[in-house]
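To start, the structure under review is shown below, and the notes come after it.
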Amino acid sequence: MTPFAIVLLIAALLLIAALAGYALHLWRRVWRREQQLAEMQAQQHAALAADLRVLASSLLEEQVPLIEGAIRIKVLLDNFDSALGQDPRCQVFQVLFDETSQVPTHDAWKALDRSERRHHEARFSALELQHKAEARRSARWLLDEALPKNHQAA
Numbered sequence: 001m002t003p004f005a006i007v008l009l010i011a012a013l014l015l016i017a018a019l020a021g022y023a024l025h026l027w028r029r030v031w032r033r034e035q036q037l038a039e040m041q042a043q044q045h046a047a048l049a050a051d052l053r054v055l056a057s058s059l060l061e062e063q064v065p066l067i068e069g070a071i072r073i074k075v076l077l078d079n080f081d082s083a084l085g086q087d088p089r090c091q092v093f094q095v096l097f098d099e100t101s102q103v104p105t106h107d108a109w110k111a112l113d114r115s116e117r118r119h120h121e122a123r124f125s126a127l128e129l130q131h132k133a134e135a136r137r138s139a140r141w142l143l144d145e146a147l148p149k150n151h152q153a154a
């Protein structure tokens, strides 16, 4: 083998080693990023579970209006676990959400005249009477069986 061929071989081996090192560096960055993303998703999932626990408890203790609590629970369930949101034991939240989806909110609610607001409030009362027991059962089921238990540090 000629000295030139040996130099070329060594240069090629060094280039391969450098490229392999760079590939390893990039792979480690991707792996670290995937781990960070998984940790962030786990934290978000835990935060959603905690929020759902608070809302379900608030609904049971009547600290939040039934309709508002059901809508908020439905939205959080969709973000927490869509399969759980589709569970028959949680369908009352979807029903109440659907039944009130056309009601204006925020500034649009304030802009309604008094008779329209009363009409919607009467509808809310009827929905609450019709679905209160089921919503309470569903909230209790979420707290007792479906959601992970609270593990807060003391």
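With UniProt numbering, letter number 99 in the sequence shown gets 99, and the count goes up by one each step, no holes.
Note that beta-carbon positions come from the ideal geometry of N, C-alpha and C, so glycine has one too.
Contact belief for ILE73 with PHE93 at Cβ below 8 Å, rounded distance in angstroms: Taking 8 Å as the upper bound for CB-CB distance, ILE73 and PHE93 are in contact here, some 5 Å apart.
Start-to-end residues for the alpha helix (DSSP H) that takes in ARG140: The continuous alpha helix (DSSP H) containing ARG140 extends over residues 114 to 141.
Simplified DSSP assignment, three categories, for VAL64: VAL64 carries a coil assignment under DSSP once its states are collapsed to helix, strand and coil.
Cβ contact check for the stretch 49 to 58 and the stretch 132 to 146: 3 or more pairs under 8 Å: Flag = yes, the stretch 49 to 58 and the stretch 132 to 146 touch.
Three-way DSSP call (helix, strand, coil) for GLN86 in this model: GLN86 carries a coil assignment under DSSP once its states are collapsed to helix, strand and coil.
Sufficient close CB pairs (3 or more, under 8 Å) joining the stretch 89 to 105 to the stretch 121 to 131: yes
Burial state of PHE80, where buried means 16 or more other Cβ atoms lie within 10 Å: buried
Exposure label - GLY21; buried when at least 16 CB within 10 Å: exposed
Option in ARG32, ALA70, ASP107 and THR105 with minimal Cα separation from ARG89: Put simply, of ARG32, ALA70, ASP107 and THR105 the residue whose alpha carbon is nearest the alpha carbon of ARG89 is ALA70.
Cβ separation of LEU147 and LEU13, assumed to be a contact under 8 Å, to the nearest whole Å: 57 Å between Cβ atoms; not a contact.
Pairwise C-alpha distance: ALA11 and MET1: 15 Å
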